[in-house]
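> My questions will all concern the structure given below.
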Amino acid sequence: MKVFITGGSGFVGSTLTRELTGKGHEVTILTRSIKKDRRLPDGASFLEGDPTHEGTWQERVADHDAVINLAGASIFARWTDDYKRSLLESRLLTTRHIVAALAPRKGKETHLISTSAVGYYGFHEDESLEETDPPGSDFLATLAADWEGAALEAKNHGVRVVLCRFGIVMGRKGGALAQMARPFRFWMGAPLGSGRQWFSWIHELDLARVFQFVLEHTELDGPLNCTAPHPVRNSEMTRMIGNALGKPTFLPPVPAFLIRWILGEFGNVILEGQRVYPRRLLDQGFSFEFPTMEEALIDLLR
Numbered sequence: 002m003k004v005f006i007t008g009g010s011g012f013v014g015s016t017l018t019r020e021l022t023g024k025g026h027e028v029t030i031l032t033r034s035i036k037k038d039r040r041l042p043d044g045a046s047f048l049e050g051d052p053t054h055e056g057t058w059q060e061r062v063a064d065h066d067a068v069i070n071l072a073g074a075s076i077f078a079r080w081t082d083d084y085k086r087s088l089l090e091s092r093l094l095t096t097r098h099i100v101a102a103l104a105p106r107k108g109k110e111t112h113l114i115s116t117s118a119v120g121y122y123g124f125h126e127d128e129s130l131e132e133t134d135p136p137g138s139d140f141l142a143t144l145a146a147d148w149e150g151a152a153l154e155a156k157n158h159g160v161r162v163v164l165c166r167f168g169i170v171m172g173r174k175g176g177a178l179a180q181m182a183r184p185f186r187f188w189m190g191a192p193l194g195s196g197r198q199w200f201s202w203i204h205e206l207d208l209a210r211v212f213q214f215v216l217e218h219t220e221l222d223g224p225l226n227c228t229a230p231h232p233v234r235n236s237e238m239t240r241m242i243g244n245a246l247g248k249p250t251f252l253p254p255v256p257a258f259l260i261r262w263i264l265g266e267f268g269n270v271i272l273e274g275q276r277v278y279p280r281r282l283l284d285q286g287f288s289f290e291f292p293t294m295e296e297a298l299i300d301l302l303r
């Protein structure tokens, strides 16, 4: 299958490209600038273009059987008004331009796998959330719902649309884990706020396997929770990271007011969270290689 990827230069996209080409797929990665020293596995190539702007790159989209849309500014930053606008535009503009580029595919079997996030559900306490649960009303939930709505417009062209609601992606060479592990290396690891907030996550390899699974199971469409089946509380995760690094935690929790003062509105994402369950993936027979946090950390921090 020929697969077109936006946002494919990040650590998630790099892992996904390696997995897809290893399965014999041909991958095109859209990037704003092609770096000459950047190596790709056999079967993958770069295409230069900015997905937030219309351009000649859109003409190449229709040559592919599937599009995987990973593009979007990172949420891991202080949310100023300008940055919130970047979060919104980087997702919605990219998705709208992809959908427009898929119009010539009408009448051909085509697949759009578009990223979303578990933030779709809003903040919850101990409630277990599945794909049928409604969206929340905070900024991140509204952003995710609008993002999904933009992707679903591709159905007007006869495209199958799958919405992958990511938990926090745990990776070896990027993402949240590197930031979370850093304080532990200086014996500064500690729970955040109450420590009771749920952390829904997924190992980077399992996420890549989810995309492969979706490409193979064409009967799947709509939302999929891309999270491991065993979410953990922040206090549990703190203990597990400390144990995996051989540096047990002993400091008191970081106060919630301090986190909000440093991170602003984004601090609520860290302090509240949600407990998300991958019901549809499990019902379809998907098997996680790293279902528990302990197994993931042993692999990623060894």
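All the letters of the sequence shown, read from the start, carry residue numbers 2 to 303 under the numbering used here. Backbone N, C-alpha and C fix where the C-beta goes; we use that ideal spot for every residue, glycine too. Quantities reported herein were computed from a predicted structural model and do not represent experimental measurements.
1. Based on the DSSP secondary-structure assignment, which residues constitute the bridge partners of Trp202?
2. Name, in chain order, the residues that DSSP records as bridge partners for Leu316.
3. With which residues is Ser115 paired in a DSSP beta bridge?
4. Please specify which runs of the alpha helix (DSSP H), each continuous and at least 4 residues long, are wholly inside the stretch 8–95, giving them in chain order.
5. For Ser129, which beta-bridge partners are listed by DSSP?
6. Taking C-beta to C-beta, are Val13 and Val28 nearer than 7 Å?
7. What does DSSP give as the partner residue(s) for Arg234 in the beta ladder?
8. State the Cα-Cα distance for the pair Asp1 and Glu90, rounded to the nearest angstrom.
9. Helix, strand or coil for Pro292 per DSSP?
10. Less than 7 Å separating the beta-carbons of Trp202 and Arg276?
11. Are Ala151 and Arg106 closer than 7 Å when you measure CB to CB?
12. Beta-carbon of Gln213 versus every beta-carbon of chain B: anything under 7 Å?
13. Do Leu298 and Ala257 come within 7 Å of each other at the CB atom, strictly closer than that value?
14. Along the chain, where does the beta strand (DSSP E) containing Gly150 start, and where does it finish?
15. At the level of alpha carbons, what is the spacing between Cys227 and Arg303?
Concretely, from the data shown:
1. Residue numbering aside, residue 202 sits at position 201 when the sequence shown is read from its first letter. The partner list for Trp202 (beta bridge, DSSP) reads Ile169.
2. Only positions 2 to 303 of the chain appear in this structure, which leaves residue 316 out of reach.
3. Stepping through the sequence shown from its first residue, residue 115 is reached at position 114. DSSP output for Ser115 lists Asn70 and Leu164 as bridge partner(s).
4. Fully enclosed alpha helix (DSSP H) runs of 4 or longer: 12–23 and 59–62.
5. As a first step, residue 129 is located in the sequence shown; it is residue number 128 there, counting from the start. Arg276, per the DSSP bridge assignment.
6. Residue mapping note: residue 13 aligns to position 12 of the sequence shown, counting from 1. Residue mapping note: residue 28 aligns to position 27 of the sequence shown, counting from 1. The Cβ-Cβ distance between Val13 and Val28 does not fall below 7 Å.
7. Walking along the sequence shown from the start, residue 234 turns up at place 233. Residue pairing from DSSP places Arg234 in a beta bridge opposite Trp199.
8. In this structure the chain extends from 2 to 303, so residue 1 is not present and cannot be described.
9. Within the sequence shown, numbered from 1, the residue matching residue 292 stands at position 291. Note: Pro292 maps to coil in three-state DSSP.
10. Here residue 202 refers to the residue found at position 201 when the sequence shown is read from its first residue. Here residue 276 refers to the residue found at position 275 when the sequence shown is read from its first residue. Taking the C-beta atoms as reference points, Arg276 is found no nearer than 7 Å to Trp202.
11. As a position in the sequence shown, residue 151 is number 150, starting the count at 1. As a position in the sequence shown, residue 106 is number 105, starting the count at 1. Cβ atoms of Ala151 and Arg106: not closer than 7 Å.
12. In the displayed structure, chain B is absent; only one protein chain is listed.
13. Translated into the one-based positions of the sequence shown, residue 257 becomes position 256. Translated into the one-based positions of the sequence shown, residue 298 becomes position 297. Not a contact, by the Cβ cut-off of 7 Å.
14. Here residue 150 corresponds to residue number 149 of the sequence shown, with the count starting at 1. No beta strand (DSSP E) holds Gly150; the alpha helix (DSSP H) holding it covers Phe140 to Leu153.
15. Position 226 of the sequence shown, counted from the start, is the residue given in the question as residue 227. Position 302 of the sequence shown, counted from the start, is the residue given in the question as residue 303. Cα to Cα, the separation comes out at about 24 Å.
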